[in-house]
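Trainee:
In mature numbering (1 follows the signal peptide of the UniProt record, and there is no 0), the protein residues as written are -33 to -1, 1 to 300.
1. Tell me the rounded alpha-carbon separation between residue 40 and residue 185.
2. Start and end of the alpha helix (DSSP H) containing residue 223?
3. Return yes when the Cβ of residue 132 is within less than 7 Å of the Cβ of residue 190, no when it is not.
4. With distances taken Cα to Cα, identify the nearest neighbour of residue 123 among 20, 290, 278.
5. Taking the C-alpha atoms as reference points, what is the distance between residue 210 and residue 84?
6. Which of the three DSSP states is assigned to residue 117 in this structure?
7. For residue 176, decide whether its Cβ has a neighbour in chain D, counting only Cβ atoms nearer than 7 Å.
8. Using a Cβ-Cβ cutoff of less than 6 Å, which residues in the same chain neighbour residue 67 once the five nearest sequence positions on both sides are dropped?
9. In chain order, what are the residue ranges of uninterrupted alpha helix (DSSP H) at least 4 long that sit wholly in the stretch 218 to 282?
10. How about residue 163: is its Cβ closer than 6 Å to a heavy atom in the ligand ADP?
11. Tell me, to the nearest whole angstrom, how far the beta carbon of residue 169 is from that of residue 176; I am working on the premise that it is less than 8 Å.
12. Rounded to a whole number of angstroms, what is the C-alpha to C-alpha distance between residue 182 and residue 265?
13. Among 150, 95, 120, 125, whose alpha-carbon lies nearest the alpha-carbon of residue 112?
14. Is it buried or exposed, residue 71, if we count other Cβ atoms within 10 angstroms and call 16 or more buried?
15. Return the chain-ordered ranges of every beta strand (DSSP E) run that is complete within the stretch 12 to 67 and spans a minimum of 3 residues.
16. Use the C-beta contact count for residue 44: other C-beta atoms within 10 angstroms, 16 or more gives buried, fewer gives exposed.
17. Residue 109 and residue 145 - do their beta-carbons sit closer together than 7 Å?
18. Note down the Cα distance separating residue 238 from residue 57, rounded to an integer number of angstroms.
19. Between which two residues does the alpha helix (DSSP H) holding residue 141 run?
20. In angstroms, rounded to a whole number, what distance separates the CA positions of residue 280 and residue 232?
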């Protein structure tokens, strides 16, 4: 499966058939559940998205009676740390490993080693490159989420001439590429379009989002639309916009669906965000490993865990939910 093929995967509703494995129990006659180790390797331990993912995986593992070993990179982009974590999990006898790759092509060798050792490997949130390097991917359709963000921004700007800033994440990850490209498609422009004022790398962090936004505003004070890779970067962008006195003049949008981000939408700091569901990814991943341990059955391909546009200022032609719904369904604190 190529990187682009997962973009065309059928989009699901947020709470539809994606619970396909959630009722599984450990099969009788197989090795006991407590002997099953599920590994989880996230990009970092501090990003609220991955904190929620780890909490959901831990809760699901306890419910199923299996052991979860959670590891993470030291920072967003720490490919070596994640490779070492997977090596350790192979040595520990993990039956399955759930991984959110910091670098979509940088972990191929260790993933191959794990699969050759009989370990089920599932990518959560971030696809590998190529996508079929893992057994399956449970994730948001990040290209479609980017399209939702960009489409909203363009429609909400109305007749204004667009001057766009791009606050990207970490180079080398499919999430960053898909969201960036999706935003451009939704906005109706292509890479290199003269309406793009500039871009900055934020690593999905609030402080780098603020610095990047300040630098871009210093170069071009006419920016009126800002793409952000996630809500921490958007929070940083808002701080920068406020310091320039431009917080009311810019169409700031994002992706995540964390409770803090939804509150920022409610408070008018972010115009709209696209909610995704990390707890669903993690729970489905644990279930898949349990089923594999019990029956030998492996999942395959890309499973879209859903996304919804959240805004209190809906635009015609785009389906969205308001922040009241968002606060009922968000993740994090």
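For each residue, glycine too, the CB sits at the ideal point set by N, CA and C.
Mentor: In short, the structure shows the following:
1. 33 Å
2. Segment 218 to 223 is the beta strand (DSSP E) holding residue 223; no alpha helix (DSSP H) there.
3. yes
4. 278
5. 54 Å
6. helix
7. The displayed structure is made up of one protein chain only, and chain D is not part of it.
8. 9, 10, 91, 92, 93
9. 226 to 233, 245 to 262
10. Ligands are entirely absent from the displayed structure, and the ligand ADP is therefore not among its contents.
11. 4 Å
12. 47 Å
13. 150
14. buried
15. 34 to 39, 63 to 66
16. buried
17. yes
18. 44 Å
19. 141 to 154
20. 10 Å
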